[in-house]
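J.:
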Amino acid sequence: MLKFDIEKSDGLMRAGVIHTPHGDIKTPCFVGAATRASVKALTMKEMRDLGSQAILANTYHLILAPGADLIKKAGGLAEFCSWHGPTFTDSGGFQIFSLPDVKINQEGAKFKSHINGDKLEMTPESSMQAQWAIGADIHMAFDHLARSEKREDMEEAMQRTHEWLVRCKKEHDKLAKEYDIEQYLYAVVQGGTFNDLRAKSAEFCKSVEPDGFGIGGVFVADGMGEMLKTVNSILPENKPRHLLGMGQEPIDIFVGAEYGCDTFDCVAPTRMARNGSLYTSDGRINIKNAKYKDDFTPLDPECDCECCKNYNRAYLHHLFKTDEITAKVLASIHNEHFVVKTTDKIRESILDGTFKEYKQEFLARYYK
RNA sequence: GCUGGAAUCGUCUAGUGGCAAUGACAAGAGACUGUAAAUCUCUCGGCUUCGGCCUUCGUAGGUUCGAGUCCUACUUCCAGCA
Numbered sequence: 003m004l005k006f007d008i009e010k011s012d013g014l015m016r017a018g019v020i021h022t023p024h025g026d027i028k029t030p031c032f033v034g035a036a037t038r039a040s041v042k043a044l045t046m047k048e049m050r051d052l053g054s055q056a057i058l059a060n061t062y063h064l065i066l067a068p069g070a071d072l073i074k075k076a077g078g079l080a081e082f083c084s085w086h087g088p089t090f091t092d093s094g095g096f097q098i099f100s101l102p103d104v105k106i107n108q109e110g111a112k113f114k115s116h117i118n119g120d121k122l123e124m125t126p127e128s129s130m131q132a133q134w135a136i137g138a139d140i141h142m143a144f145d146h147l148a149r150s151e152k153r154e155d156m157e158e159a160m161q162r163t164h165e166w167l168v169r170c171k172k173e174h175d176k177l178a179k180e181y182d183i184e185q186y187l188y189a190v191v192q193g194g195t196f197n198d199l200r201a202k203s204a205e206f207c208k209s210v211e212p213d214g215f216g217i218g219g220v221f222v223a224d225g226m227g228e229m230l231k232t233v234n235s236i237l238p239e240n241k242p243r244h245l246l247g248m249g250q251e252p253i254d255i256f257v258g259a260e261y262g263c264d265t266f267d268c269v270a271p272t273r274m275a276r277n278g279s280l281y282t283s284d285g286r287i288n289i290k291n292a293k294y295k296d297d298f299t300p301l302d303p304e305c306d307c308e309c310c311k312n313y314n315r316a317y318l319h320h321l322f323k324t325d326e327i328t329a330k331v332l333a334s335i336h337n338e339h340f341v342v343k344t345t346d347k348i349r350e351s352i353l354d355g356t357f358k359e360y361k362q363e364f365l366a367r368y369y370k
């Protein structure tokens with residue numbers, strides 16, 4: 003069983019430590035998205051230096067390249083990419099939702115490789131097998147997100163997710179006996195924007211007794227707090243909860259933590275960094291805008307990242323306008339650091355009982 | 001000096017009688033939430049009551065209902081010959 007200690011809690015909100023075979027994760031924690039076993043534009047050393055505790059890779063992408071078996075041969079995900087810390091893998095379920103030409107039936111999902119058009123199939127069993135071969139500490143169950151916002155579609159996707167979860171758990175338990183190192187399974191709660199479906203999904207996921215929970219299919223931040231309240235009131239307190247894909251907006255993490263989520267992942271910080279959209283304590287700015295041409299102040303004077311300590315806005319603006327690779331590197335260091343550190347501060351504020359004040363102060367300034 | 005060729009929005013470029021005028025880049029702005037994203041979208045002569053109006057393709061004339069496009073002269077540049 004995955005060990006999770008809660009150090010302090012206040013209502014649904016809590017700060018704790020997840021103990022994985024590759025090290026501890028102090029929660030709440032923002033997990034870096036390393037989809038193809040790489041955090042785009044960053045080295046793993048840079049990730050460590052900016053304070054990241056864990057990374058999340060994607061099973062779908064790693065199956066396409068370099069292949070799950072190759073990563074197994076390399077000694078597992080952490081060894082392969084030289085992260086040497088806690089790792090997660092997403093199941094590939096999200097890709098089934100987002101790729102075109104995906105055919106889904108009871109058995110699993112059929113789709114074409116976006117790289118070479120190969121016809122591929124993924125089932126709960128094959129996703130589990132691939133994730134065990136990849137060897138991350140924490141695996142996500144193979145789930146199904148609704149393609150539309152209609153209740154019947156959400157319900158059907160949830161139903162299928164539940165059926166697949168049972169198969170994931172069975173396969174996971176079988177594989178656990180074949181491997182020496184422990185790996186853990188998170189069930190994924192679906193149900194879309196309907197809280198009664200969310201409650202039903204949470205109950206079902208709980209009944210399967212996984213090691214933790216992912217909360218998936220969250221697209222509208224509005225109403226997320228209520229949804230999390232519903233879900234996390236049902237989920238067992240002693241198991242960790244991961245809010246899948248949320249973290250572009252700082253408010254998402256504040257709300258997520260407030261309502262009992264322990265870990266988060268999101269591609270937005272690095273993607274936006276590559277596109278020149280950078281976080282500051284006073285809100286997000288587009289560094290490519292002409293007004294930063296001769297702004298010799300740090301990107302965020304309150305930030306102590308590699309980028310803010312050594313460079314100014316005018317230089318970053320120049321790097322972006324001339325399309326230098328370092329623009330994306332420095333911007334990614336900063337954005338990732340900003341979200342990681344903000345989440346760390348949320349943890350600290352939970353521990354010392356100042357969460358409400360910190361949330362109010364941070365959000366008032368960021369979204370003013 | 002002679003003979004060819006060329007001059008179009010910041011740059012390069014399409015255009016051979018119906019054109020405010022093609023494409024790329026540059027420029028200006030916006031988007032991005034379990035990454036088919038170092039990507040995508042919009043604006044890019046001026047004015048506008050959004051129907052249009054005005055001014056534009058080296059300069060000055062001309063032909064034509066109509067000229068970036070044809071003709072003449074000039075200016076500048078390029079190539080070849082002297």
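Quick note: the first sequence, position 231, residue 233 per the working numbering, numbers continuous. Using N, Cα and C, we set each Cβ at its ideal position, and we do this for glycine too.
Under a Cβ-count criterion, where at least 16 other Cβ atoms within 10 Å of its own Cβ denotes burial, should asparagine 291 be classed as buried or exposed?
T.: Within the first sequence, residue 291 is the residue found at index 289, counting from 1. Counting Cβ neighbours within 10 Å, asparagine 291 comes out exposed, since fewer than 16 surround it.
J.: Starting from the C-beta of alanine 263, find all residues in its chain whose C-beta is less than 6 Å away, skip the five residues before and the five after it, and write them out in chain order.
T.: Taking the first sequence and counting its residues from 1, one reaches residue 263 at position 261. Reading the sequence as shown, one finds cysteine at residue 263 and not alanine. Around cysteine 263: Arg243 and Leu245.
J.: Based on DSSP bridge pairs, tell me the residues matched to glutamate 123.
T.: One-based indexing of the first sequence puts residue 123 at position 121. DSSP output for glutamate 123 lists Lys112 as bridge partner(s).
J.: Whole angstroms is fine: what's the gap from glutamate 338's alpha carbon to leucine 52's?
T.: The residue you call residue 338 lines up with position 336 of the first sequence. The residue you call residue 52 lines up with position 50 of the first sequence. Each residue's Cα considered, the two are about 8 Å apart.
J.: Tell me the DSSP secondary structure of phenylalanine 322 in three-state form.
T.: Here residue 322 is taken as the residue at index 320 of the first sequence, counted from 1. Helix at phenylalanine 322.
J.: Out of Glu151, Glu48 and Ala39, which one is the CA nearest neighbour of serine 334?
T.: Translated into positions along the first sequence, residue 334 becomes position 332. Looking at the Cα atoms, Glu48 is the closest of the given residues.
J.: On a Cα-Cα basis, can you pick out the residue from Leu237, His146, Gly285 and Val168 that is closest to glycine 218?
T.: By 1-based counting over the first sequence, the position of residue 218 is 216. Among Leu237, His146, Gly285 and Val168, the Cα nearest to that of glycine 218 belongs to His146.
J.: Hey, how far is the Cα of lysine 373 from the Cα of isoleucine 348?
T.: Only positions 3 to 370 of the chain appear in this structure, which leaves residue 373 out of reach.
J.: Write down the C-beta distance between lysine 208 and leucine 230 rounded to the nearest angstrom, noting that I regard them as a contact closer than 8 Å.
T.: Working through the first sequence from its first residue, we reach residue 208 at position 206. Working through the first sequence from its first residue, we reach residue 230 at position 228. The Cβ separation is near 15 Å, so there is no contact.
J.: Is it true that the region 319 to 330 meets the region 28 to 39, where meeting means three or more beta-carbon pairs spaced less than 8 Å apart?
T.: No, because fewer than three Cβ pairs between the region 319 to 330 and the region 28 to 39 fall closer than 8 Å, the two stretches do not touch.
J.: Excluding five sequence neighbours on each side, which residues of the same chain lie with their C-beta closer than 7 Å to the C-beta of glutamate 184?
T.: For the purposes of this step, residue 184 is identified with residue 182 of the first sequence, where counting begins at 1. Closer than 7 Å at the Cβ level, and outside the excluded window around glutamate 184, lie Pro23.
J.: With DSSP as the reference, identify every bridge partner of arginine 16, one or two as the case may be.
T.: Along the first sequence, read from residue 1 onward, the residue named residue 16 stands at position 14. In DSSP, arginine 16 forms a bridge with Ser11.
J.: Compute the Euclidean distance between the alpha carbons of cysteine 307 and glycine 285, then round it to the nearest angstrom.
T.: Taking the first sequence and counting its residues from 1, one reaches residue 307 at position 305. Taking the first sequence and counting its residues from 1, one reaches residue 285 at position 283. Distance between the alpha carbons of cysteine 307 and glycine 285: 17 Å.
J.: Do you know offhand how far glutamate 260's Cα is from lysine 121's?
T.: In the first sequence, counting from the first residue as 1, residue 260 sits at position 258. In the first sequence, counting from the first residue as 1, residue 121 sits at position 119. Cα-Cα distance, rounded: 43 Å.
J.: Can you give me the start and stop residues for the beta strand (DSSP E) that glycine 34 sits inside?
T.: The residue you call residue 34 lines up with position 32 of the first sequence. Here the beta strand (DSSP E) through glycine 34 covers 31 to 35.
J.: Mind checking who lysine 5 pairs with in its DSSP beta bridge?
T.: Taking the first residue of the first sequence as 1, we reach residue 5 at position 3. Its beta-bridge partners are His21.
J.: Counting only runs of 4+ residues fully inside the region 154 to 242, write out the alpha helix (DSSP H) ranges in chain order.
T.: DSSP runs (the alpha helix (DSSP H)) wholly in the region 154 to 242: 197 to 209 and 226 to 236.
J.: Which residue from Lys202, Ala135, Ser235 and Asp155 puts its Cα closest to that of tyrosine 186?
T.: Along the first sequence, read from residue 1 onward, the residue named residue 186 stands at position 184. It is Ala135.
J.: So, helix, strand or coil for leucine 44, using DSSP?
T.: Residue numbering aside, residue 44 sits at position 42 when the first sequence is read from its first letter. Of the three classes helix, strand and coil, the one that applies to leucine 44 here is coil, per DSSP.
J.: On the three-pair Cβ rule with 8 Å, is the region 128 to 142 touching the region 60 to 74?
T.: Touching, yes.
J.: With cysteine 310 as the anchor, note down where its alpha helix (DSSP H) starts and where it stops.
T.: To locate residue 310, count along the first sequence from 1; it is residue 308. Cysteine 310 -> alpha helix (DSSP H) spans 308 to 312.
J.: Would you decide whether threonine 232 is buried or exposed? Buried here means 16 or more other CB atoms lie within 10 Å of its CB.
T.: In the first sequence, counting from the first residue as 1, residue 232 sits at position 230. So threonine 232 ends up on the buried side.
J.: Using CA coordinates, which residue listed in Ala201, Asp254, Glu359 and Lys42 is at the minimum distance from isoleucine 57?
T.: Within the first sequence, residue 57 is the residue found at index 55, counting from 1. For isoleucine 57, the nearest C-alpha among the options comes from Lys42.
J.: Counting along the chain, where does the beta strand (DSSP E) carrying leucine 58 start and finish?
T.: Locating residue 58 in the first sequence gives position 56, where the first residue counts as 1. Unbroken beta strand (DSSP E) run through leucine 58: 57 to 60.
J.: Sort out for me which residues DSSP pairs cysteine 83 with in a bridge.
T.: As a working mapping, residue 83 is identified with position 81 in the first sequence. Beta-bridge pairing links cysteine 83 to no other residue.
J.: Would you check if the region 80 to 88 and the region 149 to 164 touch, i.e. whether three or more CB-CB distances between them fall below 8 Å?
T.: In short, these stretches do not touch, since the Cβ pair count stays below three.
J.: List the residues that DSSP assigns as beta-bridge partners of threonine 328.
T.: By one-based count along the first sequence, residue 328 stands at place 326. In DSSP, threonine 328 forms no bridge with anything.
J.: What residue from Asp267, Lys171 and Arg315 has the CA that sits closest to threonine 37's CA?
T.: Translated into the one-based positions of the first sequence, residue 37 becomes position 35. Nearest option by C-alpha distance: Asp267.
J.: For leucine 301, collect the residues of the same chain with a Cβ closer than 7 Å to its Cβ; drop the 5 residues on either side in sequence, then sort them by chain order.
T.: In the first sequence, residue 301 corresponds to position 299, counting from 1. Excluding positions up to five away in sequence, the list reads Leu280, Thr282, Cys309, Cys310, Arg315, Leu318 and His336.
J.: Can you name the start and end residues of the alpha helix (DSSP H) that phenylalanine 364 belongs to?
T.: Position 362 of the first sequence holds residue 364. Per DSSP, phenylalanine 364 belongs to the alpha helix (DSSP H) from 357 to 368.
J.: So, at 6 Å on beta carbons, what are the nonlocal neighbours of leucine 44 in its own chain, with the 5 sequence-adjacent residues on each side left out?
T.: For the purposes of this step, residue 44 is identified with residue 42 of the first sequence, where counting begins at 1. Taken in chain order, the residues that qualify are Ser334.
J.: Quick one: give me the first and last residue of the beta strand (DSSP E) that phenylalanine 266 is part of.
T.: For the purposes of this step, residue 266 is taken as residue 264 along the first sequence, with counting starting at 1. Element bounds for phenylalanine 266: 265 to 268.
J.: Using a 10 Å radius around the Cβ and a threshold of 16 neighbouring Cβ atoms, would you call arginine 162 buried or exposed?
T.: As a first step, residue 162 must be located in the first sequence, where it is residue number 160. Buried, by the Cβ-count rule.
J.: Identify whether histidine 63 lies in helix, strand or coil by the three-state DSSP scheme.
T.: Here residue 63 corresponds to residue number 61 of the first sequence, with the count starting at 1. Histidine 63 falls in the helix class under three-state DSSP.
J.: Excluding five sequence neighbours on each side, which residues of the same chain lie with their C-beta closer than 6 Å to the C-beta of alanine 80?
T.: Locating residue 80 in the first sequence gives position 78, where the first residue counts as 1. Only His24, His86 and Thr89 meet the Cβ criterion.
J.: Pop quiz: glutamate 173 and glutamate 109 are said to be a contact at Cβ under 8 Å. What is the actual Cβ separation, rounded to whole angstroms?
T.: The residue labelled residue 173 in the question sits at position 171 within the first sequence. The residue labelled residue 109 in the question sits at position 107 within the first sequence. Contact flag wrong, Cβ pair sits at about 13 Å.
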